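Here is the structure we will look at.
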Amino acid sequence: MSSTIKIPAENSDTGASSEHSPNVHQLYTDMSMTNVSPLWTVLDKMVPPRPNPKAVVTSWPYDAIRPLLMESGKLISAEDAERRVLMLNNPTLGAPYTTDTLYAGLQLILPGETAPAHRHVAFALRFIVEGSRGFTAVEGQKLVMERGDVILTPSWHWHDHGSEGDGPMVWLDGLDLPVFRFLPVNFAENYAESRYPSAPAGDSNLKIPWSTVATVLDADMDRQAHARYHYTLGDGKHLSKTVSAQAERIAPGATTKPVRETVSLIYHVYEGEGYTTLVTPDSDGEQQRVQWKARDTFAIPAWSVVSHTCTSQSRHAYLFAINDRPMVERLGMYRKEEL
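Read left to right, the sequence shown gives residues 1 to 339 (the UniProt record's numbering).
Right, here's the structure in full:
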């Protein structure tokens with residue numbers, strides 16, 4: 001199969017135009033017929049001077065997404081959908097990309113429903129957005145959901161979801177699905193029954209309650225305008241080898257110091273209101289601003305300058321974020337700059 005090769009405008013050796021050189025044109029044509037191409041025509045894209053994520057800053061206000069989710073609940077059964085999820089698609093990439101490396105979606109379970117048991121290689125975490133008395137059962141551990149909790153589904157663990165409450169349960173799913181577009185080694189398997197046998201779990205390393213996180217964030221509230229918490233397992237390691245999470249507290253009227261990292265982020269607002277100021281790698285220094293309030297979600301590409309502002313003069317803002325920090329660190333590609 002032939003491919004199109006962009007012919008450079010200038011010949012690097014002579015400075016003469018290559019566009020009208022029959023010999024060069026024929027060379028590139030011959031290359032395309034043998035499935036090779038010249039690196040020198042695309043070197044600046046292969047080895048860019050700075051990170052060049054394709055994802056763009058995107059926000060999903062909950063006020064706009066929730067009605068669509070609830071209407072989906074009326075029209076699409078949990079049985080038919082298997083997972084009733086609205087994927088948060090980055091407009092430059094489409095599904096399953098919320099950022100270049102992370103996937104997120106808002107999932108709905110209604111009272112009495114069950115999302116049937118399955119397992120997959122992809123790692124997943126859930127941040128509970130709305131509702132109570134829902135549950136996720138993971139390898140026999142039935143974990144009750146409360147708002148702000150994080151529930152983990154490690155790779156290749158049987159899991160199902162359900163609700164024993166009287167209202168809708170909504171949570172934010174975060175997975176490493178984009179990774180499997182480049183490493184096509186994901187597997188999935190459905191369980192023989194809708195539920196995997198489970199029993200109520202006590203303390204579990206698969207659930208991090210919001211109360212635990214809030215205690216750390218608020219520990220030095222009088223002296224620190226900004227606090228950050230990095231979620232870890234009991235051994236102090238990231239939540240997985242690919243995806244982890246963080247939470248932040250911002251004092252009333254405060255603005256955080258600008259920082260950029262080679263990490264992409266999907267933020268969800270647990271509480272409060274404010275805005276995030278961003279400078280993306282491809283913006284030539286131009287600032288963007290994302291306004292947010294409780295339950296809104298927004299995506300930030302890697303190597304963006306990020307600063308949060310809490311606009312309330314009386315209440316702290318609390319932000320949760322899914323990140324790809326473990327993967328970036330393990331690959332030796334992590335870099336951070338405080339500006």
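Just so it is clear, CB atoms sit at the ideal spot from N, CA and C, and this is done for glycine as well. Every value quoted in this text rests on a predicted model; they were computed, and no experiment measured them.
Bounding residues of the beta strand (DSSP E) (the contiguous stretch that carries Gln-107): Per DSSP, the continuous beta strand (DSSP E) segment holding Gln-107 begins and ends at 103-109.
For Phe-180, the first and last residue of its enclosing alpha helix (DSSP H): Counting along the chain, Phe-180 sits inside the alpha helix (DSSP H) bounded by residues 179-182.
Where Glu-271 falls, given that 16 or more other Cβ within 10 Å makes a residue buried: Per the 10 Å Cβ criterion, buried.
Residue environment, Trp-158, which counts as buried when at least 16 other CB atoms sit within 10 Å: The residue is buried, with at least 16 neighbouring Cβ atoms inside 10 Å.
Enclosing beta strand (DSSP E) for Val-150 [first to last residue]: Counting along the chain, the beta strand (DSSP E) containing Val-150 begins and ends at 150-153.
Contact check, Ala-321 vs Leu-233, beta carbons under 8 angstroms: For Ala-321 and Leu-233, no; Cβs fall outside 8 angstroms.
Among Tyr-196, Leu-175, Met-70, nearest to Ala-245 - alpha-carbon criterion: When each option's Cα is compared against that of Ala-245, the closest is Leu-175.
Close beta carbons around Val-328, own chain, < 7 angstroms, minus the five adjacent residues each side: Excluding residues within five positions, the ones whose Cβ falls inside 7 angstroms are Thr-262, Val-263, Tyr-334.
Rounded separation between Asn-186 and Glu-164 - CA only: Rounded to the nearest whole angstrom, the CA to CA distance from Asn-186 to Glu-164 is 31 angstroms.
Residues bridged to Val-85 [DSSP beta-bridge criterion]: Looking at the DSSP assignment, Val-85 forms a beta bridge with Gln-107.
Under 8 angstroms between C-beta atoms of His-268 and Arg-249: Going by beta carbons, His-268 and Arg-249 fall outside the 8 angstroms limit.
Own chain, CB closer than 7 angstroms to Thr-58, minus 5 neighbours either side, in chain order: Cβ contact annotation for Thr-58 (same chain, cutoff 7 angstroms, sequence separation greater than five): Asn-90, Pro-91, Phe-298, Ala-299, in chain order.
Range covered by the alpha helix (DSSP H) that runs through Arg-66: Looking at the DSSP string, the run of the alpha helix (DSSP H) that includes Arg-66 is 62-75.
Own chain partners of Arg-83 with C-beta closer than 6 angstroms, once the 5 adjacent residues on each side are dropped: Sequence-distant partners of Arg-83 (beyond 5 residues in either direction) whose C-beta falls short of 6 angstroms from its own C-beta, in its chain, are Ala-115.
Sheet register partners of Leu-278 (DSSP bridge): Beta-bridge pairing links Leu-278 to Gln-288, Val-306.
Span of the alpha helix (DSSP H) around Asp-44: Looking at the DSSP string, the run of the alpha helix (DSSP H) that includes Asp-44 is 43-46.
Arg-289 classed as buried or exposed, judged by whether at least 16 other C-beta atoms fall within 10 angstroms: A residue is called buried when at least 16 other Cβ atoms come within 10 angstroms of its Cβ; Arg-289 does not meet this threshold and is exposed.
Per-residue DSSP class, three states only, for Thr-232: Under the three-state reduction of DSSP, Thr-232 is assigned to coil, being neither helix nor strand.
Val-144 Cβ short of 7 angstroms to the ligand ZN heavy atom set: With respect to small molecules bound, the structure shown includes none, and the ligand ZN cannot be examined in it.
Assigned exposure category for Gln-141 - 16 Cβ within 10 Å defines buried: Burial state of Gln-141 is buried, judged by a 10 Å Cβ sphere holding 16 or more other Cβ atoms.
Presumed contact (8 angstroms Cβ cut-off) between Tyr-231 and Leu-217, rounded CB distance: With a Cβ gap of about 12 angstroms, Tyr-231 and Leu-217 do not count as contacting.
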